[in-house]
Amino acid sequence: MCGRYFVDEAFEEILRRYKIHDVPDVNWSPREVFPTNEAPVVINAKEEYRAGLMKWGFVFPNMSRPIINARSETAGVKPAFKEALLKRRCIVPASGFFEWHGEKGARTKFRIERPEKSLVSFAGLYAPFTGTDGTRFFAYVILTRQSSPPVSEIHDREPIILKVEEEDVWLSQETTPGEIEILMRQTGPAVMLNAV
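Using this note's numbering, you'd call the opening residue of the sequence shown number 31 and step up by one each time.
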């Protein structure tokens, strides 16, 4: 599970990294991102990358808490994610994520990131929602998979981190369900753990 992540880059750096030229008017500064926070998301809008802020977590009337993650193994069949997996895939830019390990009351927080501390692309899904006050907004979830070393030493799940060469395929509207499945099963780039 990914319940907290961080973005160390300014919004302008995110725009540069994904070669986005249409600059939206957003108020964003580097920070740790918590569920329900707004954070940068990259989408493919008519074959052009766009970036903006979305809320982290799908919100459904019958649930007390938002859904922040989607298991890649079941996202294609779950009603909450099925349509988004086919039509509304996104990239969630991040510098890394946090996980906790140990006994309750003595848990250690680990910062997990690329060795060179570069921006990474979490595979995500997004969807439109309507708030209780009638306002419409977009929200996203982060896709997770069975963790691999070294994350598996402290937790059984991890976000899907796309390789740079997989980003265009992930965002393309032409990508087939079979190609989506393959991307979700790929091992991501190497990461390192640091206790904080």
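C-beta atoms are modelled at their ideal positions from N, C-alpha and C, and glycine is treated no differently. Everything numeric in this text was worked out from a predicted model, so none of it was measured.
Residues bridged to A69 [DSSP beta-bridge criterion]: Beta-bridge partners assigned by DSSP to A69: M84.
Proximity test, C120 beta-carbon vs the ligand HEM heavy atom, cut-off 8 Å: Ligands are entirely absent from the displayed structure, and the ligand HEM is therefore not among its contents.
Residue span of the beta strand (DSSP E) that contains G154, given as start and end: Segment 150 to 160, the beta strand (DSSP E) holding G154.
For R215, three-class secondary structure by DSSP: Helix at R215.
When I210, I97, G218, L223 are compared against E103, the one with the closest alpha-carbon: I210
Distance between I184 and S151 (C-alpha atoms, nearest Å): Using only the alpha carbons, I get a separation of about 21 Å.
Given 8 Å, three or more beta-carbon pairs between the segment 192 to 202 and the segment 33 to 42: no
Touching by the beta-carbon criterion (3+ pairs, under 8 Å), the segment 194 to 203 and the segment 69 to 76: yes
Delimiting residues of the beta strand (DSSP E) encompassing E62: 61 to 63
Candidates S177, G164, T160, A225: closest to F88 by CA position: T160
Status (buried if at least 16 other CB within 10 Å, exposed otherwise) for G154: buried
Simplified DSSP state of R34, which is helix, strand or coil: coil
Three-pair Cβ contact test at 8 Å for the segment 78 to 85 versus the segment 58 to 69: yes
F90 vs I97 beta-carbon contact at 9 Å: yes
Alpha carbon of L213 to alpha carbon of K147, nearest angstrom: 23 Å
Close-in-space but distant-in-sequence residues of the same chain around P145 (CB under 8 Å, 5 per side omitted): If we look at P145 and ignore the five residues flanking it on each side, its Cβ neighbours are A220, V221, M222.
Separation of S182 from I50, as counted between CA atoms: 34 Å
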